[in-house]
Amino acid sequence: MKFRLNPKLDAKRLATRYAEASRLRVENIFTEDTAKEIHKRLSELDWWLTYNDGNHVNELHPLHLRQLTPQDSAAIQQKIFENARRQYQFIYNYYPMYAGYFAPKLPPMSLDPVYEFLNSARFLDFARKLTGHGDIKWCDAQATLFRPTHFLKYHTDAQSEHKRRAAYVLNFTTEWDTDWGGMLQFWNERGDVELAFKPTFNALNIFTVPQPHSVSSVTQWAPGLRFSITGWMRADDPPGPFGEG
Numbered sequence: 174m175k176f177r178l179n180p181k182l183d184a185k186r187l188a189t190r191y192a193e194a195s196r197l198r199v200e201n202i203f204t205e206d207t208a209k210e211i212h213k214r215l216s217e218l219d220w221w222l223t224y225n226d227g228n229h230v231n232e233l234h235p236l237h238l239r240q241l242t243p244q245d246s247a248a249i250q251q252k253i254f255e256n257a258r259r260q261y262q263f264i265y266n267y268y269p270m271y272a273g274y275f276a277p278k279l280p281p282m283s284l285d286p287v288y289e290f291l292n293s294a295r296f297l298d299f300a301r302k303l304t305g306h307g308d309i310k311w312c313d314a315q316a317t318l319f320r321p322t323h324f325l326k327y328h329t330d331a332q333s334e335h336k337r338r339a340a341y342v343l344n345f346t347t348e349w350d351t352d353w354g355g356m357l358q359f360w361n362e363r364g365d366v367e368l369a370f371k372p373t374f375n376a377l378n379i380f381t382v383p384q385p386h387s388v389s390s391v392t393q394w395a396p397g398l399r400f401s402i403t404g405w406m407r408a409d410d411p412p413g414p415f416g417e418g
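All you need for the numbering used here is the position in the sequence shown, starting with 1, plus 173.
Below is the structure:
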């Protein structure tokens, strides 16, 4: 199918609102058909698991995950909780859209057309107008799924090498209660949460980098699945060409 932005979006008006705090939630970012199709593709993925151990990032393939015993899984979770008490920590399910797209030996993925759309002229032009960063060249991306006990601690996304201009979260969560956690939180200099976005459906959360933020822990009793596509809009050169999405 043809993926499309919502034709009713007013980029100029949205850019004015974005400039007030260098962050914004844009509701109904895509057409309804586009959002439903992306959600369907996300719900059918065979998810990886990623978490860090200090500066080392672990990425467990779905086949590896299926081989873990309950004891193995419990040990990983316990180590993550212990680390989180004293250092930066994250854990969530993910799918490697960007890495997979540029891996020549891998077969085409169901999210390839979505990734191409995020790097289409129309989407990138909208991103430049919205953020005011006219040098944005491309978007990297990963699909993410936060389940109960998943979280992403406080950080800023600061990183000069990749020329990150803005971070984005495309939301595809169909049902979510405020008390289930999984909030995208923005922090002020006192360490207070000054703004939090609830997981929702067909919305774009976008903010200029660097900016202190986190994703609060999803509660153990949350029955919902927090689907999103996340990444950075970048001003360096992409690793290769993109097809027509």
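Idealized CB from N, CA, C, for every residue including glycine.
Selected residue, minimal CA-CA separation from residue i, among the options
i, options, result
"residue 354", "364, 376 and 320", "320"
"residue 419", "299, 237, 368 and 382", "Residue numbering for the chain in the displayed model covers 174 to 418; residue 419 lies beyond these limits and cannot be assessed."
"residue 396", "365, 323 and 370", "323"
"residue 314", "411, 204 and 247", "411"
"residue 223", "328, 231 and 356", "231"
"residue 400", "200, 359, 306 and 376", "376"
"residue 215", "197, 244 and 286", "286"
"residue 306", "213, 262 and 339", "339"
"residue 217", "398, 417 and 361", "398"
"residue 283", "333, 301, 335 and 211", "211"
"residue 225", "201, 260 and 350", "260"
"residue 256", "229, 209, 382 and 204", "229"
"residue 360", "204, 194 and 183", "194"
"residue 207", "413, 292, 176 and 267", "176"
"residue 202", "213, 180, 186 and 189", "180"
"residue 348", "213, 372 and 334", "372"
"residue 391", "351, 273, 188 and 200", "351"
"residue 268", "233, 294, 227 and 247", "233"
"residue 291", "227, 182 and 343", "343"
The beta strand (DSSP E) enclosing residue i, as first and last residue numbers
i, result
"residue 386", "386–388"
"residue 197", "196–200"
"residue 323", "Where residue 323 is concerned, there is no enclosing beta strand (DSSP E), given that its DSSP letter is neither H nor E."
"residue 314", "Looking at the DSSP string, residue 314 is not in any beta strand (DSSP E), and its letter there is neither H nor E."
Cβ pair residue i, residue j closer than 8 Å
i, j, result
"residue 265", "residue 317", "yes"
"residue 406", "residue 312", "yes"
"residue 299", "residue 178", "yes"
"residue 379", "residue 327", "no"
"residue 356", "residue 370", "yes"
"residue 221", "residue 243", "no"
"residue 325", "residue 191", "no"
"residue 309", "residue 184", "no"
"residue 329", "residue 240", "no"
"residue 388", "residue 337", "no"
"residue 249", "residue 262", "no"
Residue i - partner residues in DSSP beta bridges
i, result
"residue 358", "369 and 387"
"residue 337", "407"
"residue 226", "229"
"residue 221", "267"
"residue 253", "Bridge partners of residue 253: none, in fact."
"residue 343", "377 and 402"
Where the alpha helix (DSSP H) through residue i begins and ends
i, result
"residue 309", "First-last for residue 309: undefined, no H or E at that position."
"residue 274", "270–274"
"residue 207", "205–216"
"residue 237", "235–240"
As assigned by DSSP and simplified to three states, the class of residue i
i, result
"residue 258", "coil"
"residue 295", "helix"
"residue 329", "coil"
"residue 381", "strand"
"residue 177", "coil"
"residue 376", "strand"
"residue 504", "Not covered by the structure: residue 504. The range shown for the chain is 174 to 418."
"residue 290", "helix"
"residue 188", "helix"
"residue 284", "coil"
"residue 247", "helix"
"residue 353", "helix"
"residue 363", "coil"
"residue 193", "helix"
"residue 395", "coil"
"residue 505", "Residue 505 lies beyond the stretch modelled for the chain, which goes from 174 to 418, so this question has no answer here."
"residue 182", "coil"
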